[in-house]
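Each residue of the sequence shown is one higher than the one before, counting from 0 in numbering that gives the first Met the number 0. Notes follow the structure.
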Amino acid sequence: MSRRSRAFTLGAGAVLSSGLLTLLTNSPAWADATVSTVGARAEFRDYGEHLSVCDTATDSRRALARVQWPAYPSSPSDINIAYAEDADGNNGNCFEVPYDINIPEGMRVAIDIWIQDGPDTDNYENWRTIYTTA
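Here it is, written out as structure tokens:
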């Protein structure tokens, strides 16, 4: 093997190793997602599209989460939403939507979480949103 071909082989190996390292360290476009705020935590699992929410504070408020798809709708009639609510306090009993949420694979979704005082209030506290792909 000549010096030139050996240098090319080493250079190609470094590029392939670098590419493999990038693939292993970058998360895929689809992934489980967790979002937290003061008093609540939500988890969205992309396999089967499951949404759960946990009340994490003993403060007489309830924790709510929702998944909205598509994340960026072109009109209000395109919006789909599934809600989860943990209303029984900070006791370790989280609530999970009891069915697979039917979201098309590869769809960009918004995961929202907040806490509120009572079931019928417009007083959303500590609202937080993250985006992921189903």
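The beta-carbon is built from N, C-alpha and C at its ideal position, and this holds for glycine as well.
Which partner residues of Cys-53 appear in the DSSP bridge assignment? For Cys-53, DSSP records a beta bridge to Arg-40.
If we ignore side chains and look at the alpha-carbon of each, how far apart do Thr-132 and Thr-57 end up? Their backbone Cα atoms lie some 32 Å apart in a straight line.
Cβ pair Ala-83, Val-52 closer than 8 Å: Cβ distance < 8 Å, so Ala-83 and Val-52 count as in contact.
Rounded separation between Asn-89 and Thr-55 - CA only: Straight-line measurement puts the Cα of Thr-55 at about 5 Å from the Cα of Asn-89.
Provide the residue span of the beta strand (DSSP E) that contains Ile-110, from first to last. Run containing Ile-110: 107-115, per the beta strand (DSSP E) assignment.
Flag this pair as touching only if the region 117-125 and the region 88-103 have three or more C-beta atom pairs under 8 Å; answer yes or no. Remark: fewer than three beta-carbon pairs, one from each stretch, lie closer than 8 Å, so the region 117-125 and the region 88-103 are not flagged as touching.
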